[in-house]
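Engineer:
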Amino acid sequence: MRPAISLVSVLILLSAALLGCRRATAPPLPPPPPDFTTLKRDLLELDQSLGLSRRTGIVHPDRYIAAVQQLERDYRLQREKPTGPAQQGVEAAIRAANRLGQAGAQYVAAYRRPDDYPNGEADRRWDLLNAAYLDLRPSADQDVIDLAVRQLEAAEHPISQK
8 MRPAISLVSV LILLSAALLG CRRATAPPLP PPPPDFTTLK RDLLELDQSL
58 GLSRRTGIVH PDRYIAAVQQ LERDYRLQRE KPTGPAQQGV EAAIRAANRL
108 GQAGAQYVAA YRRPDDYPNG EADRRWDLLN AAYLDLRPSA DQDVIDLAVR
158 QLEAAEHPIS QK
């Protein structure tokens, strides 16, 4: 009987030792940084579609409208929304882009039907279109779209900005 007791006691000791020696678990990883790649791509597509023309208002209006709509849609559907300056930058770009689209449509209407818009209305609307364009690109170093992209990149990599 003595061997049976020592075998049971050995099993109990081994199981106690195994329970006591649990693996040390690593601390949980920090959440991954937000990914705004889609919004940055949309902003760059909007930037590439910008250009003014005396005949069509915006050089490629269909491409421009599609870029604005895609940016608005992706911003609305973005799972993790940008915050702070990045949010303000994207929203400012969307507002300015919508103003430019409206000004472009008004200019084209006046340009194509000059009899319906007498007394130089097309020229006044062209001036409004230029002003809306300058809302997006006041100068080379104050481009609203480029600023929004830089703010999104800063929000993606906050540690590198310190």
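Using our numbering, you'd call the opening residue of the sequence shown number 8 and step up by one each time.
Just so it is clear, CB atoms sit at the ideal spot from N, CA and C, and this is done for glycine as well.
For residue 152 versus residue 100, is the C-beta distance shorter than 8 angstroms?
Structural biologist: Taking the first residue of the sequence shown as position 1, residue 152 is located at position 145. Taking the first residue of the sequence shown as position 1, residue 100 is located at position 93. Yes, they are a contact pair.
Engineer: For residue 56, count neighbouring Cβ atoms within 10 angstroms of its own Cβ and tell me buried if that reaches 16, exposed if not.
Structural biologist: For the purposes of this step, residue 56 is taken as residue 49 along the sequence shown, with counting starting at 1. Buried, because 16 or more other Cβ atoms sit within 10 Å of the Cβ of residue 56.
Engineer: Go ahead and label residue 103 buried or exposed: buried means 16 or more other beta carbons lie within 10 angstroms of its beta carbon, across all protein chains shown.
Structural biologist: Walking along the sequence shown from the start, residue 103 turns up at place 96. Burial call: buried.
Engineer: Please decide whether residue 62 counts as near chain C, where near means a Cβ-Cβ distance under 8 angstroms.
Structural biologist: Of the chains in the structure shown, none is chain C; there is only one protein chain.
Engineer: Could you tell me whether the region 119–137 touches the region 79–96, using the rule of 3 or more Cβ pairs below 8 angstroms?
Structural biologist: Judged by Cβ distances under 8 angstroms, the region 119–137 makes no contact with the region 79–96, as fewer than three pairs qualify.
Engineer: Please go through the same chain and pick out, in chain order, the residues whose beta-carbon is closer than 6 angstroms to the beta-carbon of residue 150, but skip the five residues on each side of it.
Structural biologist: For the purposes of this step, residue 150 is taken as residue 143 along the sequence shown, with counting starting at 1. Taken in chain order, the residues that qualify are 144.
Engineer: Please check the pair residue 96 and residue 154, which I expect to be a contact at CB under 8 angstroms, by giving their CB distance rounded to whole angstroms.
Structural biologist: To locate residue 96, count along the sequence shown from 1; it is residue 89. To locate residue 154, count along the sequence shown from 1; it is residue 147. Contact flag correct, Cβ pair sits at about 6 angstroms.
Engineer: Decide if residue 159 is buried, meaning its Cβ has at least 16 other Cβ atoms within 10 Å, or exposed.
Structural biologist: Within the sequence shown, the letter at position 152 stands for residue 159. It is buried - the Cβ of residue 159 has at least 16 other Cβ atoms within 10 Å.
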